[in-house]
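Heads up: the structure comes next, in structure tokens.
Residue numbers (my numbering): 336 to 473.
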């Protein structure tokens, strides 16, 4: 699968692999930053809930907890909430790592799908096509 652009030829699967690799690198970096920021937000909520003194400070901690995606208990943050938030973010991160690896393989090989096989032609059919070619050429 080759595409001519101007005076140059471009291998289409390599072009697709390169574009997919660039896109997956950007999403991978975004998922990495999201995972780190979520971890920092959860740590901030934990320290805020340990050190609040008034109702207004508890409300501020509650807003921070909702932004982090966890439920604020007066004693702290539940481990299941932390695990649920971080497991989702980690799953997205692993998905983009997988897409990045697949796109780099596609770029390196330059092949989308490769089919190999043999075509068996019966001897009678081959004779008919040869006769037909001889008649047409005369």
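Ideal Cβ positions, reconstructed from N, Cα and C, are used throughout, including at glycine.
The model shown is predicted, which means the values in this text are computed figures rather than measured ones.
Under the three-state reduction of DSSP, which class applies to residue i: helix, strand or coil?
{"i": "residue 348", "result": "helix"}
{"i": "residue 411", "result": "strand"}
If you count every other CB in all the chains shown that lies within 10 Å of the CB of residue i, and 16 or more means buried, which is it?
{"i": "residue 409", "result": "exposed"}
{"i": "residue 419", "result": "exposed"}
Which residue from the options puts its Cα closest to that of residue i?
{"i": "residue 427", "options": "339, 371 and 343", "result": "371"}
{"i": "residue 364", "options": "383, 434 and 350", "result": "434"}
{"i": "residue 369", "options": "402, 442, 393 and 443", "result": "402"}
{"i": "residue 400", "options": "392, 391, 414 and 380", "result": "380"}
What whole-angstrom Cβ distance do residue i and residue j have, given they're in contact under 8 Å?
{"i": "residue 425", "j": "residue 359", "result": "No, residue 425 and residue 359 are not in contact; Cβ-Cβ is about 16 Å, not under 8 Å."}
{"i": "residue 384", "j": "residue 411", "result": "5 Å"}
Contact between the stretch 348-358 and the stretch 374-382 (3+ Cβ pairs under 8 Å): The stretch 348-358, when compared against the stretch 374-382, does not touch it at the 8 Å Cβ threshold.
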